[in-house]
Amino acid sequence: MSKRMAAMIAAMVAAPVLAQNVKITPLGSHDGEFCPQDRALILEDPNGTRILYDPGRTVAGPNDPRLGKIDIVLVTHMHGDHAGNTHIKETNVGECGKPEFSAISAMPNSSAVNIALAKKSKIVTGSEMQAFFAAKLRANGGQASDAILARFGGSQTVGGVRIATVTAMHSNGLDPDYIGGDMGKAMKDAGIAGYVGEATGYVLRFSNGLVAYFSGDTGVTSDMENVVRRHYNAKLTVLNIGDTFTTGPVEAAYVINELVKPTTVIASHANEVGTKGGKVVPDSKTDKFMKAVKGAQVVIPLSGKTMEFDANGKCVSGC
Ligand SMILES: [Zn+2]
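In C-alpha cells, the structure reads:
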C-alpha cells in the first residue's frame, strides 16, 4: 500500500461519523422505569437543537440536571400533568407507583414557564395558549416574544425544526390557580376553568428529515389519518395509552395500526406502573398496547434512557 493510500484510509477511519439521528430521552420520575406520571421527553435534533416536550410533573423544575440546554418548550395543553402545576423535588423519590410529584408547586406559573424563563427557551404552542404564555413570560421578567404561535394548519421553524400543531380531541381548561386573586377564586367557587383554546398535538420535522407526531392527550380523530399520515407522513409517533382521559391501549393500537401507521410508536401517558426493573408489567395497559399493535415497533420510554431514530423513524439505538 502506498503511503498516500494509507494516509487516506487513516483519514477516512478517523473521520467522525455524522450522526444524523434524532435523540429522544424520557424524563420520568424514576430512572430506567415507565411510571404513571411520565410524559416529559427531551428531543434532540442532529443539529443540536434541544426541545422539551410537556415537562409535566416529573421534571424537577428548571434545576433538574437532566435538562441541560433547552431551546424550545412544547406544551400540548394546560392540564397540570402536562404544563406542570407541581413537580418532583428530585428523581427516584418514593415508588414508581407513587412518585412524590406534589413536592413543589409551580403555580401560578407552571413548570413549563419556569423552565422557559431559566433556560431562555421559546415556548411554541397552538390555540390561545400562546397569549397566556406570553403574559406569564412578560410578568416574570421574560420576553413575551419568546411565546410563539403555531395554530392548526400552520407551522413555525425554530432551531431548524419545523413545528406544526394538529388536532387533539381533549379539553384544555385553565386552572383558576393560574389566574389567582378574586377572579381566580370566583371561578374556582363556580367550578369553571379559563378558556385558552383547544388542546393540541404536534408534528415535528427534524433536520434529518424525520417527521414525528406527538399526540398530547387525545381520543381517536380522523385527522390522525387525514392529516398526520396523509399530509405529514409521520414515521414516529408518541401516543397516549392511559384510557379514561385519553385513548386506552385498544384505541391507541387502532390509531397505530389503521390511521397513522408509523414505523415506531413510543407509548406515553400510561397512568400506571408500566415497568418493573425496566421490564413491562404483564397484563398492564402498556403490555396490552404492545400486544395489540401490528406492524409498528412499540418502544417503552424508560426514564433517562436515550433512544435514537433515523429519518424513517426506525430506532437505531437504545430501544
Ligand atoms: Zn394528561
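Heads up, the sequence shown is in this note's numbering, so the first residue is 2 and it goes up one at a time.
Beta carbons are placed, not taken as given, at the ideal position from N, Cα and C, and that holds for glycine.
### Where Gln298 sits in the DSSP three-state scheme
The sequence position of residue 298 within the sequence shown is 297, counting from 1. Three-state result, Gln298: strand.
### Query
Considering only residues of the stretch 42–111, which uninterrupted beta strand (DSSP E) runs meet the minimum length of 3 residues and lie entirely inside it, listed in chain order?
42–45, 51–54, 73–75
### Extent of the continuous alpha helix (DSSP H) run through Thr247
The count along the sequence shown starts at 1 and reaches residue 247 at position 246. No alpha helix (DSSP H) contains Thr247, which DSSP labels as neither H nor E.
### Task
Assign Pro177 to one of three DSSP states: helix, strand, or coil.
Taking the sequence shown and counting its residues from 1, one reaches residue 177 at position 176. Three-state DSSP puts Pro177 in a helix.
### Query
Who are the near neighbours of Lys289 in its chain, counting only those whose CB is closer than 6 Å to its CB and skipping five residues on each side?
Here residue 289 is taken as the residue at index 288 of the sequence shown, counted from 1. Once the five neighbours on either side are set aside, the close Cβ partners of Lys289 are Pro250.
### Task
Spell out the partners DSSP gives Gly195 in its beta bridges.
Here residue 195 refers to the residue found at position 194 of the sequence shown. DSSP lists Leu175 as partners of Gly195.
### Query
Can you name the start and end residues of the beta strand (DSSP E) that Phe290 belongs to?
By one-based count along the sequence shown, residue 290 stands at place 289. Here Phe290 belongs to no beta strand (DSSP E); instead the alpha helix (DSSP H) covers 286–293.
### Task
Flag Asp82 as yes when its Cβ comes closer than 7 Å to any non-hydrogen atom of ligand 1, and as no otherwise.
As a first step, residue 82 must be located in the sequence shown, where it is residue number 81. Indeed, a heavy atom of ligand 1 lies less than 7 Å from the Cβ.
### Task
Please work out which residues of its chain come closer than 8 Å, Cβ to Cβ, to Glu259, disregarding the five sequence neighbours upstream and downstream, and give them in chain order.
Stepping through the sequence shown from its first residue, residue 259 is reached at position 258. Contacts found: Glu226.
### Task
Compare the C-alpha of Asn22 against each of His232, Arg206, Val294 and name the closest.
Walking along the sequence shown from the start, residue 22 turns up at place 21. Of the candidates His232, Arg206, Val294, the one whose C-alpha sits nearest the C-alpha of Asn22 is Arg206.
### Message
Below 8 Å, how does it come out for the stretch 268–277 and the stretch 235–247: are there three or more Cβ pairs, yes or no?
### Response
yes
### Task
For Val239, collect the residues of the same chain with a Cβ closer than 6 Å to its Cβ; drop the 5 residues on either side in sequence, then sort them by chain order.
Counting from 1 along the sequence shown, the entry for residue 239 is found at position 238. Contacts found: Phe215, Ile267, Ser269.
### Query
At which residues does the beta strand (DSSP E) containing Met308 begin and terminate?
Counting from one through the sequence shown, the residue named residue 308 turns up at place 307. 308–310 is the extent of the beta strand (DSSP E) around Met308.
### Message
Is the beta carbon of Gly275 closer than 8 Å to that of Thr287?
### Response
Counted from its first residue, the sequence shown places residue 287 at position 286. Counted from its first residue, the sequence shown places residue 275 at position 274. Closer than 8 Å, so yes.
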